[in-house]
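Numbered per the numbering used here, the sequence shown finishes at 126, counting up by one with no gaps. The beta carbon of each residue, even a glycine, is placed where N, CA and C say it ideally should be. Values in this document were obtained by computation on a predicted structure and should not be read as measured data. Notes follow once the structure below has been shown.
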Amino acid sequence: DEEAAEEERLLAEKAHNESNVLKASMHYRLAVVHNPHSLKHRVNLLTTLRELPQRNLTKELEESREALKYGHNEAVRGKLDMPRLLRIMQMRAETLCEDIMENRDGFANLKT
């Protein structure tokens, strides 16, 4: 439901402007629930998750994986939003590197 998703996006922007990042992330998540095919809402959610004081890298990676899945589906249907897809890929790569450094003792210990 694009109308409900847009309403949640507006509430998220309002919360974000009030420096309530947690509430903004909740509204962006609801926007994704209402319109799961929108890369715009997924980029907003990922961006907001990265701003949370207590970041959850695992959750960010899960959300970015889902966003990439929907981006791929959009590409297959011929409705690719390349700038947003590239932004998702960039955020996923950054989060994956942070996860490796913080939770897996860095790149030197990776098993290939």
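_Helix, strand or coil at Lys93 according to DSSP, with G and I counted as helix_ = What you label residue 93 is simply residue 79 of the sequence shown in a count that begins at 1. Note: Lys93 maps to coil in three-state DSSP.
*Ser33 burial status per 10 Å Cβ neighbour count (16 or more: buried)*: In the sequence shown, counting from the first residue as 1, residue 33 sits at position 19. Exposed.
_Any contact between the region 77-86 and the region 35-42? By contact I mean 3 or more CB pairs, one from each, below 8 Å._
The region 77-86 makes no contact with the region 35-42; the number of CB pairs closer than 8 Å stays below 3.
*Can you have a look at Glu74 and say buried or exposed, based on whether 16 or more other CB atoms are within 10 angstroms of its CB?*
In the sequence shown, counting from the first residue as 1, residue 74 sits at position 60. Looking at its Cβ environment, which holds 16 or more other Cβ atoms inside 10 Å, Glu74 is buried.
*Can you tell me whether DSSP reads Asn58 as helix, strand or coil?*
Position 44 of the sequence shown, counting from 1, holds the residue named residue 58. Looking at Asn58 - three-state DSSP - the assignment turns out to be helix.
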